[in-house]
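Using numbering that gives the first Met the number 0, the first residue of the sequence shown is number 0, and each one after it goes up by one.
Glycine included, each C-beta is placed from N, C-alpha and C at the ideal position.
Everything below concerns the one structure shown next.
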Amino acid sequence: MVNRGVYPGPGADLYPARRNADFKEVDREISPETPVARYCNFYEFSKTKQVWRYIEPFQPVPWQVEVTGLVAKPKTYDQDTLVRAFPLEERVYRHRCVEAWAMVVPWTGFALAKLIRAAGPLPEARFVRFVSFDRPQEASRQAGRLEPWPYTEGLTLAEATNELAFIATGMYGHPLLKQHGAPVRLVVPWKYGYKSAKSIVRIELTEEQPTTFWNTLVPWEYDFQANVIRKCVTRAGVRSVNGCSAPEKCTRRRFITGTVSGSRDFTNLDNISQDHFQDCFGS
0 MVNRGVYPGP
10 GADLYPARRN
20 ADFKEVDREI
30 SPETPVARYC
40 NFYEFSKTKQ
50 VWRYIEPFQP
60 VPWQVEVTGL
70 VAKPKTYDQD
80 TLVRAFPLEE
90 RVYRHRCVEA
100 WAMVVPWTGF
110 ALAKLIRAAG
120 PLPEARFVRF
130 VSFDRPQEAS
140 RQAGRLEPWP
150 YTEGLTLAEA
160 TNELAFIATG
170 MYGHPLLKQH
180 GAPVRLVVPW
190 KYGYKSAKSI
200 VRIELTEEQP
210 TTFWNTLVPW
220 EYDFQANVIR
230 KCVTRAGVRS
240 VNGCSAPEKC
250 TRRRFITGTV
260 SGSRDFTNLD
270 NISQDHFQDC
280 FGS
């Protein structure tokens, strides 16, 4: 299953990258790679979890990522330029699906904030839109045009520049497999997996909240925020589900309440640390 997703591509000499000591572990063991390779979602290719059976026609080389929109310095990166422009590191994150399954993955890449800072956001930029590929000749489920392809997702600018938001180009010490969103994808560990767009071709800064794939199809089930919040441990020993009941007493950096349904928003996402992520988002 792993070999079915491998492809020859630029930047292979950069793997494995050094693991970032601040993101080296979570409260569970790293998931074995083979089960991870054979169990994932990528609806462009299949509604089943056996995406690896259907990704052979997909060609992630050559590849370009355009950074555009409300930025002072728009730029288009090819894959080799992208992985060499920003030093790669490895981070261990939990990945949780809204379908109630999860895994722990060592991702390789760089902080999304670095890419955004390099583009120079304009003052009116408030959101970041991520656009995946549109290749019905390579992705069979795109051919029917029954869904709003290409796949799109979005974050607020504060979320996108949070230290946890990550652009992944690899995993398990090698470039991304096709079924996991090669050659470049988003990883947002405090949100459900559908927010982490795969095989990205465009990153666009906008003033208005962008429309997104699942929120367009099933808005009552897939909200724009999609935050995973299970519990929070405070200095007062308070534990709560779906929200922090005493953010002013947080054991780490300041944490502002939020809910899975999105009825409340994060207002200080730039101050959420990895340690607090483990406290407040662990399950």
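### Opposing strand residues paired with Gln78 [DSSP bridges]
Position 79 of the sequence shown, counted from the start, is the residue given in the question as residue 78. None; Gln78 has no bridge partner.
### Task
Specify whether the region 118-135 and the region 200-209 touch according to this definition: at least 3 beta carbon pairs, one from each stretch, less than 8 Å apart.
yes
### Query
Mapping DSSP to helix, strand and coil, what is Leu163?
The count along the sequence shown starts at 1 and reaches residue 163 at position 164. Correct three-state label for Leu163: coil.
### Message
I'd like the list of long-range same chain contacts for Gln128, defined as Cβ closer than 6 Å, with 5 residues on each side in sequence excluded.
### Response
On the sequence shown, residue 128 is found 129 positions in, with the first residue counted as 1. The sequence given here places Arg at residue 128; Gln does not occur at that position. Hits under 6 Å: Gly153, Glu203, Thr205, Pro209.
### Message
Please return the same chain residues whose Cβ sits closer than 8 Å to the Cβ of Arg18, not counting the five positions on each side in sequence.
### Response
Here residue 18 refers to the residue found at position 19 when the sequence shown is read from its first residue. The answer, listed in chain order, is Glu88, Glu89, Arg90, Val91, Pro105.
### Message
Measuring alpha carbon to alpha carbon, tell me which residue in Ile29, Trp51, Arg27 is nearest Tyr38.
### Response
In the sequence shown, the residue the question calls residue 38 occupies position 39. When only C-alpha atoms are compared, the closest one is Trp51.
### Query
Can you list, in chain order, the residues of its chain whose CB lies under 7 Å from that of Ala101, leaving out five sequence neighbours each side?
In the sequence shown, the residue the question calls residue 101 occupies position 102. Within the same chain, Ala101 has close Cβ partners Arg93, His94, Arg95.
### Query
Run through DSSP, which three-state label would Asn214 get?
For this step, residue 214 is matched to residue 215 along the sequence shown. Note: Asn214 maps to helix in three-state DSSP.
### Message
So the candidates are Val103, Ile54, Phe22, Gly8; which of them puts its Cα closest to the Cα of Leu81?
### Response
By one-based count along the sequence shown, residue 81 stands at place 82. Nearest option by C-alpha distance: Gly8.
#### Entry: 8 Å Cβ cutoff met for Tyr150 and Ala196
Here residue 150 refers to the residue found at position 151 when the sequence shown is read from its first residue. Here residue 196 refers to the residue found at position 197 when the sequence shown is read from its first residue. It is a contact, given that the beta carbons lie within the stated cut-off.
#### Entry: Rounded distance between the beta-carbons of Ser139 and Phe212, thought under 8 Å
As a working mapping, residue 212 is identified with position 213 in the sequence shown. As a working mapping, residue 139 is identified with position 140 in the sequence shown. Rounded, the Cβ-Cβ distance is 17 Å, inconsistent with contact.
### Task
Out of Ala36, Ala71, Gln63, Pro61, point me to the one whose CA is closest to Ile54's CA.
Sequence index remark: in the sequence shown, residue 54 carries index 55 (1-based). For the options Ala36, Ala71, Gln63, Pro61, the alpha carbon positioned closest to that of Ile54 is the one of Ala36.
### Message
Quick check on the DSSP output: the beta strand (DSSP E) that includes Pro105 runs from which residue to which?
### Response
Start at 1 with the first residue of the sequence shown, and residue 105 comes out as number 106. Run containing Pro105: 101-110, per the beta strand (DSSP E) assignment.
#### Entry: Through-space distance from Val5 to Pro61, alpha-carbon basis
As a first step, residue 61 is located in the sequence shown; it is residue number 62 there, counting from the start. As a first step, residue 5 is located in the sequence shown; it is residue number 6 there, counting from the start. Distance between the alpha carbons of Pro61 and Val5: 15 Å.
### Task
Give a yes or no on whether the C-beta atoms belonging to Ser30 and Val103 are separated by under 8 Å.
By one-based count along the sequence shown, residue 30 stands at place 31. By one-based count along the sequence shown, residue 103 stands at place 104. Yes; because the gap between Cβ atoms is below 8 Å, this pair is in contact.
### Query
Which residue's Cα is closest to the Cα of Pro59: Pro174, Ala164, Asp26, Asp12?
For the purposes of this step, residue 59 is taken as residue 60 along the sequence shown, with counting starting at 1. The residue with the shortest Cα to Cα distance from Pro59 is Pro174.
### Task
State the DSSP-derived secondary structure class of Ile202, mapped to helix, strand or coil.
To locate residue 202, count along the sequence shown from 1; it is residue 203. Three-state DSSP puts Ile202 in a strand.
### Nonlocal neighbours in the same chain, by C-beta distance under 6 Å from Gln141, ignoring five residues either side
Taking the sequence shown and counting its residues from 1, the one referred to as residue 141 is at position 142. Glu43, Pro135, Trp148.
### Message
Looking at the strands, I want to know which residues DSSP matches up with Tyr92.
### Response
For the purposes of this step, residue 92 is taken as the residue at position 93 of the sequence shown. DSSP lists Val104 as partners of Tyr92.
### Query
So what does DSSP say about Val5, is it helix, strand or coil?
The residue given as residue 5 occupies position 6 in the sequence shown. Looking at Val5 - three-state DSSP - the assignment turns out to be coil, as it is neither helix nor strand.
### Task
Pull up the DSSP beta-bridge partners for Lys190, would you.
Numbered from 1 along the sequence shown, position 191 holds the residue referred to as residue 190. Answer by DSSP bridge pairing, in chain order: Asn226.
### Message
According to DSSP, is Val183 part of a helix, a strand, or is it coil?
### Response
The residue given as residue 183 occupies position 184 in the sequence shown. Reduced to three states, the DSSP call for Val183 is coil.
### Query
Would DSSP call Gln141 helix, strand or coil?
By 1-based counting over the sequence shown, the position of residue 141 is 142. In this structure, Gln141 counts as helix in the three-state DSSP scheme.
### Message
To the nearest angstrom, how far is the alpha carbon of Pro86 from that of Asp79?
### Response
As a first step, residue 86 must be located in the sequence shown, where it is residue number 87. As a first step, residue 79 must be located in the sequence shown, where it is residue number 80. When rounded, the distance between both Cα atoms is 12 Å.
#### Entry: Residue closest to Ile199, alpha-carbon to alpha-carbon, out of Val183, Gly192, Tyr193, Tyr191
The residue given as residue 199 occupies position 200 in the sequence shown. Closest by alpha carbon: Val183.
### Query
Beta-carbon separation of Tyr171 and Glu32 under 8 Å?
Reading the sequence shown from its first residue, position 172 is the one you call residue 171. Reading the sequence shown from its first residue, position 33 is the one you call residue 32. Against a cut-off of 8 Å, the Cβ pair of Glu32 and Tyr171 comes out as a contact.
### Message
When you compare the CB positions of Val217 and Trp189, do they come within less than 8 Å of one another, or not?
### Response
As a working note, residue 217 is residue 218 in the sequence shown. As a working note, residue 189 is residue 190 in the sequence shown. For Val217 and Trp189, no; Cβs fall outside 8 Å.
### Query
Taking Tyr191 as the reference, which of Ala159, Leu163, Thr168, Ala225 has the closest Cα?
Stepping through the sequence shown from its first residue, residue 191 is reached at position 192. Sorting Ala159, Leu163, Thr168, Ala225 by C-alpha distance to the C-alpha of Tyr191 places Ala225 at the top.
#### Entry: Which of helix, strand or coil DSSP assigns to Arg17
Taking the sequence shown and counting its residues from 1, one reaches residue 17 at position 18. If DSSP states are grouped into helix, strand and coil, Arg17 belongs with coil.
### Task
Identify which residue in His179, Leu185, Leu163 has its Cα closest to the Cα of Asp21.
Taking the sequence shown and counting its residues from 1, the one referred to as residue 21 is at position 22. It is Leu163 whose Cα lies nearest to the Cα of Asp21.
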